[in-house]
Each structure stands twice: as C-alpha cells, then as structure tokens.
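Trainee: From first to last, the protein sequence lines are chains A and W. Under the numbering used here, think of the first position of the first sequence as 24, with each following residue one higher. Under the numbering used here, think of the first position of the second sequence as 1048, with each following residue one higher. We put the CB at the ideal spot given by N, CA and C, even for glycine.
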Amino acid sequence: MIAAQKPFEVTPKLDESGTPIGELLEISMGPHHPSTHGVFRMDVTLDGETVVKLKPVFGYLHRNHEKIGENISYLATMPYTDRLDYFCSMTNNWAYALTIEKLAGLAVPERAEYIRVIMAELTRLQNHTSLIGFFVQDMGALGTPMMYAFREREKILDLFEEISGARMMCNYMRFGGVRVDTSDAWLAQTKKVVGDYGKFLDEFEVFLNENEILLARTQGVAPLSKEQAINASITGPLLRAAGVNYDLRKVDKYGIYSRFEFKVPLGETGDLYDRYMVRVLEMRESIKILNQALAGIPAGPVMDPKAKLRGFRPKAGEVYGRIESPKGELGFYIISDGGPSPYRYRIRPPSYINLTTLEDMCLGRKVADVIVILGSVDIVLGEVDR
Amino acid sequence: METLEQIKSRLEAALPSAKIEILANECAAGERSLLVDAASGLAAAKFLRDDAQLKLDYCSNVTGVDWPDKEISEKIKVKQVVDGVEKEVEEVKKTLRPGYLEVVFHLYSMTLKHGPVVLRMRTENRADQTHLPSLTPLWRGAELQEREIYDLYGVIFDGHPDLRRILMWDGFEGYPMRKDYVAPEDYEYEPTPHDEVLEAAKKCYPAEPKVEVKP
C-alpha cells in the first residue's frame, strides 16, 4: 500500500561529451543542528558550495496533535494549543478560542477583547524580537544581538508569567473571554514595558539596519515574487515582504482590530532584508496598537456568563476560524457532531506551509545562505510537525 | 462576493458534466460548502481560481476528513393489520451509508480580499477507490497539505508532484488519522516491563532461546 520513498535522484553536470564534471555532495543538514531552529532536517545536494537540490524532511516532532484533539474535550485542547508554536502561545489560544466562539456563537466581553489584543501584540513583539536575534545569529553574529533580544523578550514573558502563571505555556484564553482579569499594577507595568520598547528598537536598529555584514548577507538574497508567494499560500511577514497587502487584522478585522489605527508595512522584492525590515516595522506598529489598547481598556467582566467551559457540547456544524499570528495565518478548522469532543480538529500551521517554497529560495545559493533563508522563514517545529 | 447559489449556477453553466451540490452547515457562523464530484474537481477548481469575479487565488487550508460506514436508523410509520384492525405501527428502518474520505479546501482571494469558498471532494470508498485529483498544479500551497492528507488518511492525489509520506516515516503502515485506526501496543513505555506490560511485551518481542550460564 505504501509507496516507497523515491530514490534521491541527482543529475551531475555533464560536459559536452557527456562525462560528469566533478561530483555532487549529498548532506543531511539536521535534525540536530543549532541553525535549524528545532528538529528539522534538510537533504541538501551540493555542487561545490552551491545548492542544486534541497528537500525538507518533516516529522521529528510529530505527535499527532490533531488526533489528540479529537479524543479530548473542547476545553482540554486549549493547553495543547500552547505547544503548537511555543513562542506564541497567546495567539494560538486566541485562534482556537475565536474558532469555538464562531462555532457556538459566543460573545466576548469588551474588556476581554482589549486584553486579547494586548496579549497578541505583546506576543508579536517578543516573537519578532527573538526571531531577529536568531536571524542575526544565523549570519554569524554569535551571542550579543540575541542576548539583547532575549533580554527584552524576557520582560514580556515576565508579564505573561504574572498574569497566567507560565512564561511560555500560558493557557490563558477561554472561549467566551479570558481566564483571569488583569490588575491595575499589571497594566501599569505593561505600559512601562511598552513605553521602553521603542528605545530598545531604536538601539537595535542603529546597530543592525545599516550593518555592512547584514546588508551583504540579506539584500537581494532569496527574493520571492508576489505571484509565487500567493500561489504557494505564503502568509505573514514573508508575504508582506513580497509586497502583497494582506494582513488578517485588516482583512477580517477579527476581535476589535477595526478600532485601532495602524499601518501594514510592505516590502518590495521579498528578499531577506525586506523580511527583516517588515518585522522591525511591524513591531513599531504593534507598539502603536498597544498604546491605543492600553489607553482605551474599559472596566467590566472578562468572561461571557453564558459560556460553558466544562461539558461544552456545541451544535453540529463546521467552522474555519483564522487570525494573524506573528508567523502568518493560523487557522483552526473544526467539525462538530454535537458530541463532547470535535469530530475533526485541524490546524492550519503557518510556518509549515511557509516552507513550501524553501527549495526555490535556496536553489543556486551557497550553503551558508540556506541557514539564513531558513531563519527568515521563522519556523517553530512544534507547529510544523504537530 | 456572490452567493454560493450564483457560483454554483455559473459553475454548472461552465462545466455541464459536473455534479455540484451545496452542503448545509447548521452552526452559528459557519460557511456552507460546494461538493464537487472527483472527475470534474480539477476543472471546477480552475474555474474558481481564474474567474474574473471570484479570483480565488489563495488556497488557505486543505483538510482531510474520514467518514466511516454509518448505520442510519429512521423511524417510519407503517400501516399494518393487527387482529383484523388496521393500525399505524412505528418501525425502525436501518440504512447503511457507505464510508468515504473527504477533502476540504478553503479558498480565498488575496487580490479581491474575499472568501472563503469551501470546496469539497469525496472518494468512492475508504478501501481501494481513494483517488482524488490533486489541486497542487493550481495552488502550490496545497502541496505539503495534500502530502499530509495522503500520509494520515490515505487519499491518493493524482497529479501531485511528490506524493510521499511526510509526518510519519517511510515504511509506516496504516493511516493514523482514520477513525478506525488502532494504535499498536506501546510495549516500550516502561523501562522494566512487568505485569500486564510484560504480557503485552511478550507479543512484541520474539521468544529468545534460553542460554545456560556455566559456573
């Protein structure tokens, strides 16, 4: 029944008489390699140092998350969603909660909507910051920029820990609201962190934006055209770096995003530098949203009193809900048959689908560029392999 | 965006041989979907992508769903003559709905910023007729997701450029996301098996010949 894996075909370069010139080298990059951001493997074929073929190999972190979700209750899936993209548990929670709210027609109180926006934008800040840290480290700037990035990330994780009890596995949102209310002290601390974040970004940008090595390694490398990006279902900063104006916060206006003023930064060529710059500018926009949300947060309850968490059995039907997570479009597709657990529970993982064009971007580049290109895609293996 | 009925009638005008059906969805804010037969699936998808009014250029999500054989029991009132008197008696009529595998595509338009149009295709059965046309030639974004469905559900996508297992390893047997999949005995979950675990382990390890140790 199972087709065997196709043999790894390599066609060496031939000279005019048909004899191969030199030899091709097959390398397995990963799964345990610091540059692959997790247990991810690439079968790379090299001609000298130039990549002629690259096949990503998935599945090292596969635990069949979707099957688990089909066997446990709706509420019990919430902590599992933290483990998908473990950098952004807040946005994962939100995407799942939003889908269930769409399925069951639950309303979310005003204050909870504001808290969700604050959490999602804080998540975006810390995800992009640490990603840029990793990205620069992939280029050889060992240590220092990443430590700067992680210092700032830790301030945001402290906020998460204070409100939810966990730095990364927050398990904070519920369908119909959020789990606990924020205190005034927490909001004041958040205002302080957000207020200082701009200064950190100024400093970061002074060092990096016009850094000679960063420019040499990123400008013109691995460009992605608009048509290619759309056709391959690329989403998130990668898509916007290619110049496509598609941000779900603007398109779907889920939650209360229609109330905030912010811009969608776009790139031109879709090369690595554009991806870097789009992320930096997105952080600036996130700070704007955070300032507006922190200024406008109203008092009130944080849970819909009609929401029933335990023994929750929605009516039969199906729903697809999606949000703009820091990595792209994170979607949940749920078919309910009226039972206590979903009949079908599917996740649309953005970083998995963003890897579709990895080979196209790497072909013809040097092997050192592969690492930087993979870094720019921003993958988290918990989400890729599920 | 047009309503699903309008899309359906235009599809039927463009593809006279296609069998298209609109499936209801009873949930609060869910989308209804278009069920297209497998033979005209690729042509219908191409129409949806290239049509100037729809321009569904973005295939967001591809999902496999397993629907095993299901016994549907209906209560019907039947007239029967009991002791010379005609009476209405309730009878339970049982019908077997044969199982199938289903693939669901969520299509959006990035240029016109609308959607989704939900497109579904069904296989003939779950055993040997599990072929469906691959939509990867139209939307490359379906490539990895279709591979995943092949891997976990066993749907064979005709026309897919690289249909291999993706999350499970090569040589793995069975399709783990199917509803009737039984996980193999996990005999290695304890480092020193005992009691029931040992019994289960015996099935999995071949019997080893006893070796006498000489003093």
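Please list, in chain order, the chain W residues whose beta carbon lies closer than 7 Å to that of residue 274 of chain A.
Mentor: Stepping through the first sequence from its first residue, residue 274 of chain A is reached at position 251. Near residue 274 of chain A (Cβ distances below 7 Å), the residues of chain W are 1160.
Trainee: Shorter than 8 Å from the beta carbon of residue 81 of chain A to some beta carbon of chain W?
Mentor: Locating residue 81 of chain A in the first sequence gives position 58, where the first residue counts as 1. It does: the Cβ of residue 81 of chain A has a partner Cβ on chain W nearer than 8 Å.
Trainee: For residue 1213 of chain W, go through chain A and note every residue whose CB falls closer than 7 Å to its CB, in chain order.
Mentor: Within the second sequence, residue 1213 of chain W is the residue found at index 166, counting from 1. What residue 1213 of chain W touches in chain A: 81 and 82.
Trainee: Using a C-beta to C-beta distance shorter than 8 Å, which residues of chain W count as neighbours of residue 126 of chain A?
Mentor: Here residue 126 of chain A is taken as the residue at index 103 of the first sequence, counted from 1. Under the 8 Å cutoff, chain W gives 1074, 1075, 1076 and 1077.
Trainee: What span of residues does the alpha helix (DSSP H) with residue 187 of chain A cover, start to end?
Mentor: The count along the first sequence starts at 1 and reaches residue 187 of chain A at position 164. Looking at the DSSP string, the run of the alpha helix (DSSP H) that includes residue 187 of chain A is 167–187.
Trainee: Which bits of chain A does residue 1188 of chain W rub up against, with CB to CB less than 8 Å?
Mentor: Residue mapping note: residue 1188 of chain W aligns to position 141 of the second sequence, counting from 1. Near residue 1188 of chain W (Cβ distances below 8 Å), the residues of chain A are 254, 255, 256, 257, 376 and 379.
Trainee: May I ask you to verify whether the stretch 59–76 of chain A touches the stretch 95–108 of chain A, counting CB pairs closer than 8 Å and requiring at least 3?
Mentor: Contact fails: fewer than three Cβ-Cβ distances are below 8 Å.
Trainee: Under 8 Å between C-beta atoms, does residue 1115 of chain W make it to chain A?
Mentor: As a position in the second sequence, residue 1115 of chain W is number 68, starting the count at 1. So no, residue 1115 of chain W is outside the interface.
Trainee: Can you give the Cα-Cα distance for residue 1202 of chain W and residue 1147 of chain W, rounded to whole angstroms?
Mentor: Residue mapping note: residue 1202 of chain W aligns to position 155 of the second sequence, counting from 1. Residue mapping note: residue 1147 of chain W aligns to position 100 of the second sequence, counting from 1. Rounded to the nearest angstrom, the two C-alpha atoms are 10 Å apart.
Trainee: Is residue 52 of chain A buried or exposed, if buried means 16 or more other CB atoms sit within 10 Å of its CB?
Mentor: Along the first sequence, read from residue 1 onward, the residue named residue 52 of chain A stands at position 29. Label assigned to residue 52 of chain A: buried.
Trainee: Measure the beta-carbon distance from residue 1134 of chain W to residue 1127 of chain W and round it to whole angstroms, keeping in mind my assumption that it falls under 8 Å.
Mentor: Taking the first residue of the second sequence as position 1, residue 1134 of chain W is located at position 87. Taking the first residue of the second sequence as position 1, residue 1127 of chain W is located at position 80. The Cβ separation is near 6 Å, so the contact holds.
Trainee: With a threshold of 8 Å between beta-carbons, can residue 369 of chain A be considered close to chain W, or not?
Mentor: The residue you call residue 369 of chain A lines up with position 346 of the first sequence. Answer yes: the Cβ-Cβ gap between residue 369 of chain A and chain W drops below 8 Å somewhere.
Trainee: Measure the alpha-carbon distance for residue 390 of chain A versus residue 398 of chain A and round it to whole angstroms.
Mentor: The residue you call residue 390 of chain A lines up with position 367 of the first sequence. The residue you call residue 398 of chain A lines up with position 375 of the first sequence. Roughly 13 Å separates the two Cα atoms.
Trainee: Residue 222 of chain A versus chain W: which residues are under 7 Å apart at the beta carbon?
Mentor: Here residue 222 of chain A is taken as the residue at index 199 of the first sequence, counted from 1. Going along chain W, no residue has its Cβ under 7 Å from residue 222 of chain A, so there is no contact; the nearest lies around 36 Å.
Trainee: Assign residue 1142 of chain W to buried or exposed, taking buried as 16 or more other Cβ atoms, counted over all protein chains shown, within 10 Å of its Cβ.
Mentor: Position 95 of the second sequence holds residue 1142 of chain W. The residue is exposed, with fewer than 16 neighbouring Cβ atoms inside 10 Å.
Trainee: I need the DSSP call for residue 1127 of chain W, collapsed to helix, strand or coil.
Mentor: Working through the second sequence from its first residue, we reach residue 1127 of chain W at position 80. It is a strand residue.
Trainee: Is the Cβ of residue 411 of chain A closer than 8 Å to any Cβ of chain W?
Mentor: The requested residue 411 of chain A is not part of the displayed model; chain A covers only 24 to 409.
Trainee: Is DSSP giving residue 158 of chain A helix, strand or coil here?
Mentor: One-based indexing of the first sequence puts residue 158 of chain A at position 135. Of the three classes helix, strand and coil, the one that applies to residue 158 of chain A here is helix, per DSSP.
Trainee: If you check the beta carbons only, do residue 296 of chain A and residue 238 of chain A fall under 8 Å apart?
Mentor: As a first step, residue 296 of chain A is located in the first sequence; it is residue number 273 there, counting from the start. As a first step, residue 238 of chain A is located in the first sequence; it is residue number 215 there, counting from the start. Closer than 8 Å, so yes.
Trainee: How many Å lie between residue 354 of chain A and residue 1167 of chain W at the Cα?
Mentor: Along the first sequence, one-based indexing puts residue 354 of chain A at 331. Along the second sequence, one-based indexing puts residue 1167 of chain W at 120. Going by the C-alpha atoms only, they are around 18 Å apart.
Trainee: Along chain A, which residues have their Cβ under 8 Å away from the Cβ of residue 1205 of chain W?
Mentor: Residue numbering aside, residue 1205 of chain W sits at position 158 when the second sequence is read from its first letter. Simply none; closest approach about 13 Å.
Trainee: With a threshold of 16 other CB atoms inside 10 Å of the CB of residue 120 of chain A, please say whether the residue is buried or exposed.
Mentor: As a position in the first sequence, residue 120 of chain A is number 97, starting the count at 1. Answer is buried; the Cβ neighbour count reaches 16.
Trainee: Taking Cβ positions only, does residue 1081 of chain W come closer than 8 Å to chain A?
Mentor: As a position in the second sequence, residue 1081 of chain W is number 34, starting the count at 1. False, the Cβ-Cβ gap to chain A never drops below 8 Å.
Trainee: Among the residues of its own chain, which have a CB less than 7 Å from the CB of residue 205 of chain A, if the five just before and after it don't count?
Mentor: Your numbering for residue 205 of chain A matches position 182 in the first sequence. 138 and 186.
Trainee: Would you give the residue range spanned by the alpha helix (DSSP H) that residue 241 of chain A belongs to?
Mentor: Within the first sequence, numbered from 1, the residue matching residue 241 of chain A stands at position 218. Taken as a continuous stretch (DSSP letters only), the alpha helix (DSSP H) holding residue 241 of chain A covers 235–241.
Trainee: Of the choices A:166, A:172, A:213 and A:152, whose alpha-carbon is the least far from that of residue 181 of chain A?
Mentor: One-based indexing of the first sequence puts residue 181 of chain A at position 158. Considering only alpha carbons, the answer is A:213.
Trainee: Kindly identify the DSSP beta-bridge partner or partners of residue 1153 of chain W.
Mentor: Start at 1 with the first residue of the second sequence, and residue 1153 of chain W comes out as number 106. According to DSSP, which records beta bridges pairwise, residue 1153 of chain W is partnered with W:1108 and W:1165.
Trainee: Quick one: which chain W residues come within Cβ less than 7 Å of residue 269 of chain A?
Mentor: Start at 1 with the first residue of the first sequence, and residue 269 of chain A comes out as number 246. Chain W residues near residue 269 of chain A: 1157.
Trainee: Quick one: what's residue 364 of chain A bridged to in DSSP?
Mentor: Taking the first sequence and counting its residues from 1, one reaches residue 364 of chain A at position 341. None, per the DSSP bridge assignment.
Trainee: Per DSSP, what kind of secondary structure is residue 55 of chain A in: helix, strand or coil?
Mentor: By one-based count along the first sequence, residue 55 of chain A stands at place 32. Of the three classes helix, strand and coil, the one that applies to residue 55 of chain A here is strand, per DSSP.
Trainee: Please go through the stretch 212–288 of chain A and give each complete alpha helix (DSSP H) segment of 4 or more residues, from N-terminal end onward.
Mentor: The qualifying runs are 235–241, 249–254, 260–264 and 271–274.
Trainee: Can you name the start and end residues of the beta strand (DSSP E) that residue 65 of chain A belongs to?
Mentor: Translated into positions along the first sequence, residue 65 of chain A becomes position 42. Element bounds for residue 65 of chain A: 64–70.
Trainee: Can you tell which of W:1082, W:1098, W:1192 and W:1173 has its C-alpha closest to the C-alpha of residue 1061 of chain W?
Mentor: Indexing the second sequence from 1 puts residue 1061 of chain W at position 14. Comparing Cα-Cα distances from residue 1061 of chain W to each of W:1082, W:1098, W:1192 and W:1173, the minimum goes to W:1098.
Trainee: I want to check one thing, is the minimum distance from the CB of residue 344 of chain A to the heavy atoms of the ligand GTP below 7 Å?
Mentor: Among the ligands in the structure shown, none appear at all, so the ligand GTP cannot be discussed.
Trainee: From the DSSP output, in three-state form, read off residue 151 of chain A for me.
Mentor: Walking along the first sequence from the start, residue 151 of chain A turns up at place 128. The answer is helix: DSSP assigns residue 151 of chain A an H, G or I state.
Trainee: Using a Cβ-Cβ cut-off of less than 8 Å, give me the residues of the stretch 334–346 of chain A that come near chain W, in sequence order.
Mentor: Answer in chain order: 337, 338, 339, 340, 341, 342, 343 and 345.
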